[in-house]
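Chains as they are written, first to last, in the numbering used here: chain U, 1473 to 1584; chain S, 1485 to 1599.
One structure is given here, and the rest of the page talks about it.
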């Protein structure tokens, strides 16, 4: 069965620090992987997605993620966070035909 | 660009009441979805629809009905609201049928409270 695990429910970092949000997935086939962000009182917005090619994918606002097949991971990274990055981040895997599986989310707080 | 509009933004109901949530999209997307978001539980799929008049059950369909009478709209009905229920219902759409790598576009949600 497909699943997504985000082991950190909450992460707090200082502004300007680097960031890594962890995501591990379970899927038997070729995964289609996504990171979404949810700002307060809003729906989810796509940050980046991966389905083939270069395992490091670039997204919006300086975010990137690396697909490591051997570790079944798709961690999200940013070199220097800003207070406006405070939000909830969701990792997701698509198993095809609209079957998206979402992790439980990681709530990021950036301290100014 | 397009937008997904969910109405109402806030919905307060009584136990046992039938409640309807509405969603409109102007992307001209084929596929639409309803997800339920509970705190600390991520998103769970309730229903999706790959074209008008099509309905497919998700993992959480029990207690809900859905309707897709037009390509641009997708409504969700809570058939009997449960007391103390609180959740956010998110509507989403995507452009292609069955395309795994397609992006989901989300509305801002309907926040349900049941008294």
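Beta carbons: idealized from backbone N, C-alpha and C, even for Gly.
The model shown is predicted, which means the values in this text are computed figures rather than measured ones.
Residues of its chain near residue 1484 of chain U, where Cβ-Cβ distance is below 7 Å and the 5 sequence neighbours each way are ignored
For this step, residue 1484 of chain U is matched to residue 12 along the first chain. Within the same chain, residue 1484 of chain U has close Cβ partners 1581, 1583.
8 Å Cβ shell around residue 1493 of chain S - same chain, five flanking residues per side excluded
If you number the second chain from 1, residue 1493 of chain S lands on position 9. If we look at residue 1493 of chain S and ignore the five residues flanking it on each side, its Cβ neighbours are 1592, 1593, 1594, 1595.
With the cut-off set at 8 Å, would you say residue 1476 of chain U and residue 1575 of chain U are in Cβ contact?
To locate residue 1476 of chain U, count along the first chain from 1; it is residue 4. To locate residue 1575 of chain U, count along the first chain from 1; it is residue 103. In contact: residue 1476 of chain U and residue 1575 of chain U (Cβ atoms closer than 8 Å).
Is there a Cβ of chain U sitting closer than 8 Å to that of residue 1588 of chain S, yes or no?
If you number the second chain from 1, residue 1588 of chain S lands on position 104. For residue 1588 of chain S, the answer is yes, since a Cβ of chain U falls inside 8 Å of its Cβ.
Name the DSSP beta bridge partners of residue 1476 of chain U, please?
Working through the first chain from its first residue, we reach residue 1476 of chain U at position 4. In the DSSP output, where bridge partners are listed per residue, residue 1476 of chain U has U:1497.
Could you tell me which chain U residues have their CB closer than 7 Å to the CB of residue 1593 of chain S, listed as they occur along the chain?
For the purposes of this step, residue 1593 of chain S is taken as the residue at position 109 of the second chain. Ordered by position in chain U, the residues that pass the 7 Å Cβ test against residue 1593 of chain S are 1515.
Using a Cβ cut-off of 9 Å, which residues of the segment 1514–1528 of chain S contact any Cβ in chain U, in chain order?
1515, 1517, 1519, 1521, 1524, 1525, 1526, 1527, 1528
Please tell me whether residue 1577 of chain S and residue 1511 of chain S are closer than 8 Å, where the distance is taken between their beta carbons.
Position 93 of the second chain, counted from the first residue, corresponds to residue 1577 of chain S. Position 27 of the second chain, counted from the first residue, corresponds to residue 1511 of chain S. Yes, the Cβ-Cβ distance between residue 1577 of chain S and residue 1511 of chain S is below 8 Å.
Out of curiosity, what's the CA-to-CA distance linking residue 1501 of chain U and residue 1552 of chain S?
Looking up residue 1501 of chain U in the first chain gives position 29. Looking up residue 1552 of chain S in the second chain gives position 68. Roughly 31 Å separates the two Cα atoms.
For residue 1505 of chain S and residue 1529 of chain S, I'd like the C-alpha separation in whole angstroms.
In the second chain, counting from the first residue as 1, residue 1505 of chain S sits at position 21. In the second chain, counting from the first residue as 1, residue 1529 of chain S sits at position 45. Spanning the two alpha carbons is a distance of roughly 15 Å.
So that I know if they touch, is there some Cβ in chain S lying closer than 8 Å to that of residue 1572 of chain U?
For the purposes of this step, residue 1572 of chain U is taken as the residue at position 100 of the first chain. Chain S contact via Cβ: present.
Using a Cβ-Cβ distance cut-off of 8 Å, determine whether residue 1577 of chain U contacts chain S.
On the first chain, residue 1577 of chain U is found 105 positions in, with the first residue counted as 1. Cβ-Cβ to chain S under 8 Å: yes for residue 1577 of chain U.
Using a C-beta cutoff of 8 Å, does residue 1481 of chain U count as contacting chain S?
Residue numbering aside, residue 1481 of chain U sits at position 9 when the first chain is read from its first letter. Output row for residue 1481 of chain U: interface = yes.
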